[in-house]
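A.B. asks:
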Amino acid sequence: MATYNEIVNFSAEAASDLSSKQFHVLTVDSSGKVDALDGLAGSLPLSPPAGVLANKPVAGEQAIVSYGGILKVAVGSGGITAGKEVMVLSGADAGKCGDFSSPAAGNAVYTVGVALESAASGDIAKILWAPRIVSN
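Numbering of the sequence shown is given in the numbering used here, commencing with residue 1332 and proceeding in unit increments.
Written as structure tokens, this is what we have:
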């Protein structure tokens, strides 16, 4: 079966050393720089996902950020399951993706798409990029 996938990229300065964060989900900070997104659930407004890091820049270098279409993402603890929505994880797994779990009452979280394959923690997997905010 043939597939077509158009990925859109933009570049922005890396706010920190992202050389070990390829395929992590990023956000844009208040200075216009990109950094790994901590998906910690909380009250609105939350930092939105901007895309997925395609290269390995250190602080001050240009990061290539991919968004739209089918993207590769780093998988965090718990893994991801094909066909399920995925969200950005927090803490030690900040910027990595895991299966969506509903936020606590009064909180919100961003999902970033649908897993196109199942994968374990530490793997790289394909998702269909479709971010949305979920509040409870």
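Where a beta carbon is used, it is the ideal one built from N, C-alpha and C, also for glycine. Note that this is a predicted model, so its numbers are computed, not measured.
Thinking C-beta only, is VAL1356 closer than 8 Å to VAL1365?
C.D. replies: For VAL1365 and VAL1356, no; Cβs fall outside 8 Å.
A.B. asks: Considering only the beta carbon of each residue, do ALA1405 and ILE1455 sit closer than 8 Å?
C.D. replies: Against a cut-off of 8 Å, the Cβ pair of ILE1455 and ALA1405 comes out as a contact.
A.B. asks: What are the start and end residues of the beta strand (DSSP E) that includes PHE1341?
C.D. replies: Note, PHE1341: beta strand (DSSP E), 1339-1344.
A.B. asks: To which residues of the same chain is SER1421 closer than 7 Å at the C-beta, ignoring the five residues directly before and after it?
C.D. replies: Excluding residues within five positions, the ones whose Cβ falls inside 7 Å are ASP1369, GLY1370, LEU1371.
A.B. asks: Measure the alpha-carbon distance for SER1361 versus VAL1339 and round it to whole angstroms.
C.D. replies: Roughly 22 Å separates the two Cα atoms.
A.B. asks: Using a Cβ-Cβ cutoff of less than 7 Å, which residues in the same chain neighbour SER1378 once the five nearest sequence positions on both sides are dropped?
C.D. replies: So the qualifying residues of the chain are THR1358, LEU1368.
A.B. asks: Exposed or buried, LEU1424, counting other C-beta atoms within 10 Å across all chains shown (16 or more means buried)?
C.D. replies: Note that residue 1424 is Asp in the sequence shown, not Leu. It is buried - the Cβ of ASP1424 has at least 16 other Cβ atoms within 10 Å.
A.B. asks: For GLU1337 and LEU1459, what's the separation of their Cα atoms in angstroms?
C.D. replies: If you take the alpha carbons of GLU1337 and LEU1459, they lie about 11 Å apart.
A.B. asks: Return the Cβ separation of VAL1417 and GLY1444 in integer angstroms, given the expectation that the two are a contact with Cβ distance under 8 Å.
C.D. replies: So it is a contact: roughly 6 Å between Cβ atoms.
A.B. asks: In the DSSP assignment, what are the bridge partners of ILE1430?
C.D. replies: The sequence shown places Asp at residue 1430, not Ile. The partner list for ASP1430 (beta bridge, DSSP) reads VAL1417.
A.B. asks: Confirm, please, whether the CB-CB distance from ILE1411 to ASP1430 is below 8 Å.
C.D. replies: Yes, Cβ-Cβ distance for ASP1430 and ILE1411 is below 8 Å.
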